[in-house]
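These protein sequence lines are chains A and B, in that order. So that you can map any letter, position 13 of the first sequence is 36 in the numbering used here, and since no number is skipped, the others follow by simple counting. So that you can map any letter, position 152 of the second sequence is 153 in the numbering used here, and since no number is skipped, the others follow by simple counting.
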Amino acid sequence: MMTTCDRELLSLYVSDDVTPAEREAVEAHLATCESCRQAADEYREAALALVSGAGMIAPPPIHRGSTLRVSALRTVAVAAALLTMSVAVWQVPGLAMQVKQAFQYLHLIEATPEQRVEAVKPNDLTEPPRQATTLADAEQRLGYHIATPSDLPPGFIYAGASVPARSPGVDLLLRYEDKEHQRVISIYYFTPGSKIGFPTSDGLSREVKVGDTPAILNSGSVTRHADGSVTFSESTAKTLLLERDGQAIEFMHWESGGRNAIGLLADEALIRMAASLK
Amino acid sequence: MQTVELAGSAAMDETALWDEYGRRIYAYLLQLLGNRDSALDLTQETFLRAIRSLRKEKQAPANLAAWLFRIATNLANDQFRRRRLIQWLPFVSERDGGLAGDVADEVTQSDLVRLALQSLPKESAAILLLRDVEGFSLHEIAETLGQNYEAVKKRMARAREAFRAEYVRLKGAQT
Numbered sequence: 024m025m026t027t028c029d030r031e032l033l034s035l036y037v038s039d040d041v042t043p044a045e046r047e048a049v050e051a052h053l054a055t056c057e058s059c060r061q062a063a064d065e066y067r068e069a070a071l072a073l074v075s076g077a078g079m080i081a082p083p084p085i086h087r088g089s090t091l092r093v094s095a096l097r098t099v100a101v102a103a104a105l106l107t108m109s110v111a112v113w114q115v116p117g118l119a120m121q122v123k124q125a126f127q128y129l130h131l132i133e134a135t136p137e138q139r140v141e142a143v144k145p146n147d148l149t150e151p152p153r154q155a156t157t158l159a160d161a162e163q164r165l166g167y168h169i170a171t172p173s174d175l176p177p178g179f180i181y182a183g184a185s186v187p188a189r190s191p192g193v194d195l196l197l198r199y200e201d202k203e204h205q206r207v208i209s210i211y212y213f214t215p216g217s218k219i220g221f222p223t224s225d226g227l228s229r230e231v232k233v234g235d236t237p238a239i240l241n242s243g244s245v246t247r248h249a250d251g252s253v254t255f256s257e258s259t260a261k262t263l264l265l266e267r268d269g270q271a272i273e274f275m276h277w278e279s280g281g282r283n284a285i286g287l288l289a290d291e292a293l294i295r296m297a298a299s300l301k
Numbered sequence: 002m003q004t005v006e007l008a009g010s011a012a013m014d015e016t017a018l019w020d021e022y023g024r025r026i027y028a029y030l031l032q033l034l035g036n037r038d039s040a041l042d043l044t045q046e047t048f049l050r051a052i053r054s055l056r057k058e059k060q061a062p063a064n065l066a067a068w069l070f071r072i073a074t075n076l077a078n079d080q081f082r083r084r085r086l087i088q089w090l091p092f093v094s095e096r097d098g099g100l101a102g103d104v105a106d107e108v109t110q111s112d113l114v115r116l117a118l119q120s121l122p123k124e125s126a127a128i129l130l131l132r133d134v135e136g137f138s139l140h141e142i143a144e145t146l147g148q149n150y151e152a153v154k155k156r157m158a159r160a161r162e163a164f165r166a167e168y169v170r171l172k173g174a175q176t
C-alpha cells in the first residue's frame, strides 16, 4: 500500500507505466489524498494539451509520396514521369522544395557522371523542370560558363547540382560532400551581372586573396534576404565570396550534422578550391 | 537488432516511409526544436539519412519507428550541442518565402504547451513527446534514445512533473 505521496509513481500511473500492484496501490492512495488527486488531474491535463498541440501541427507542406519517388527515378529513362511528378511538387512551397532538392541530390549522387546535372528552369513554377544531363547542357540552358574546381579537398566528391527554384535569375548551386556526407561545400553561382556587393561584418569577415582575386571570407552564415539586405549570423559554417568574370560566386562550407563530426576544413583548403575554378 | 527484408521495390518503400512518418517526424521535431526552419531542415535530413541507410543495408530495422525517431533525435541533439543551424542550402528559406518563422503561428492555441515544453531539458521534452504523442512504450523510448529502461522511466517521471509544474504555472499566470 502506498501510504505516502509518491509523485514519481503517480506520474507513471497516469501514463499507465505501472505494474498491476503499483496501480492498485496508487488508486488506494488517491482515494484518500486530495493533493495527489489534483496532481494526477494536472498530469493528465498537461499530457492532453501536449497531444492536442501536436495534433494541431499542420503536415509539412509536401505532395505526399511524389517527392520520395524522385529518388528512385533514373534521370534519363524516366524523364517523362519526373516531369509529371515535378509539377505537383514544385507548386507547393517550403519543405516540398527542400526535400525535393535533397532527393535530387541523393539521386544525383548515384547517377553516373554523364547524368550528373539536373537543371530546372528557375522562377517559373508552372513550367516543368527541364532536364540537363551534363554540365555542358546545363551551361547551354543557363547561358554562362560553369567554372568548376579542379582542386577538391581530400575526400570530397561531386554530389549534385540544382538551379534553386525562385532564384531571381539563373543562379546555380553545385554541391560537394565528403564520402561520409558529414561535410559539405556548396558553390553558389549568382546570375552573371547580379550586383550583390561584398557585405562584411566586423569580427566575422576578413579579406583574403584567391589567386590574385580579392575575396571575403566569413566565419558564420550569410543570409541574403529578398529585399537585398544581408545578415550575418555566427555559426560553424564559413563562406567565401569572390567575383570572377563579372559573376559573383560564393562558397559555403558546413557540416551537415552527425555524431562524429570532424570539424571544418581550414580556410586555406577552401581558398585553394576556389582558386582552382576553371 | 532484428531485421526484416524490404518487400517490393525500394521506391515504394521510400514513399511509404514518408507517408507513414513524414508528418510525425516533422511534428516531433517542431515541438522539440520550437522552430519551423530547423524542424524542416532536420526532417529532411532524417529522411535523407534513413533512405541512404535503407538503400545501403537493403533491409529495414525491425522497429522502424524507433529507428527513425532515433535519427531525428540524434540530429536534434547534435544541433543543440553544437548550437548551430544545419543548413542544407544557403538562401533557400528566404527565397522560398514564408518559411522562416517561429512555431507560434502553427500552435497559437498551444502557447502554453510550447513554452512549457521549451522550459524542459531537451531530453525530457523528447521523452514526453515520444511517450504521449507517439505512444512509444518506455522500452521503445529506451531504444530510441539509446538509454536503459530504468533510466528512461525515472527521467520520464521527472519530465512529467516538470512539465506539469510549468504548464500549471503558465496557465495560472495567464488568467
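Virtual Cβ for every residue (Gly too), placed ideally from N, Cα, C.
With 16 or more other Cβ atoms from the protein chains shown falling within 10 Å of its own Cβ, I142/B counts as buried. Beta-carbon to beta-carbon, E135/B and R25/B are separated by about 7 Å, close enough to satisfy the 8 Å threshold. When the five nearest sequence neighbours on each side are left out, the beta carbons in the same chain lying within less than 6 Å of the beta carbon of S228/A are those of I239, N241, in order along the chain. For I219/A, none of the residues of chain B pass the 8 Å Cβ criterion, the least Cβ distance being about 11 Å. Rounded to the nearest angstrom, the gap between the Cα atoms of A51/A and T26/A is 9 Å.
Residue-level contact check: A158/B touches chain A, since one or more beta carbons of chain A fall below 8 Å from its beta carbon.
DSSP places A298/A in no beta strand (DSSP E) but in the uninterrupted alpha helix (DSSP H) bounded by 290-298.
In the structure shown, H168/A adopts coil according to DSSP, grouped into three states. No Cβ-Cβ contact shorter than 8 Å links E278/A with Y211/A.
Scanning its chain for C-beta atoms nearer than 6 Å, with the 5 sequence neighbours on each side dropped, one finds around D174/A the residues R295, M296, S299, in chain order.
Sequence-distant Cβ neighbours of P222/A in its own chain, meaning closer than 6 Å and more than five residues away, are V253. Here A48/A carries a helix assignment [DSSP, helix/strand/coil].
Residue contact check for E21/B against chain A: no CB pair falls below 8 Å.
Taking a beta-carbon distance threshold of 8 Å, K57/B does not count as an interface residue toward chain A. By the Cβ criterion, the segment 120-136 of chain B is not in contact with the segment 56-65 of chain B, since fewer than three pairs of Cβ atoms, one from each stretch, lie closer than 8 Å. Assigned with DSSP and collapsed to three states, L76/B falls in helix.
Taking A48/A as reference, the option from S58/A, L33/A, A62/A with the minimal CA-CA separation is L33/A.
DSSP places Q60/B in the strand class (E or B) of the three-state scheme.
In this structure, L73/A sits near V114/B, with a CB-CB distance shorter than 8 Å. Of all residues in the segment 27-50 of chain A, those with a C-beta nearer than 9 Å to a C-beta of chain B are R30, E31, L32, L33, S34, L35, V37, S38, D40, reading in chain order.
Not flagged as an interface residue toward chain A: Q119/B, since no C-beta distance is shorter than 8 Å. D20/B sits exposed, since fewer than 16 C-beta atoms from the chains shown fall within 10 Å of its C-beta. Legend: CB atoms of the segment 60-80 of chain A lying less than 8 Å from CB atoms of chain B belong to residues A62, E65, Y66, E68, A69, A70, A72, L73, V74, S75, G76, A77, M79, I80. Nearest to D235/A by C-alpha distance, out of V245/A, R267/A, L293/A, T214/A, is R267/A.
For the options S244/A, L263/A, R206/A, G226/A, the alpha carbon positioned closest to that of K232/A is the one of L263/A. A direct Cα-Cα distance of roughly 36 Å separates A152/B from K202/A. Just measuring C-alpha positions, the residue of I128/B, A158/B, R159/B sitting nearest E144/B is I128/B.
Excluding residues up to 5 positions away in sequence, L33, Y36, V37, L53 lie with their Cβ nearer than 8 Å to the Cβ of A63/A in the same chain.
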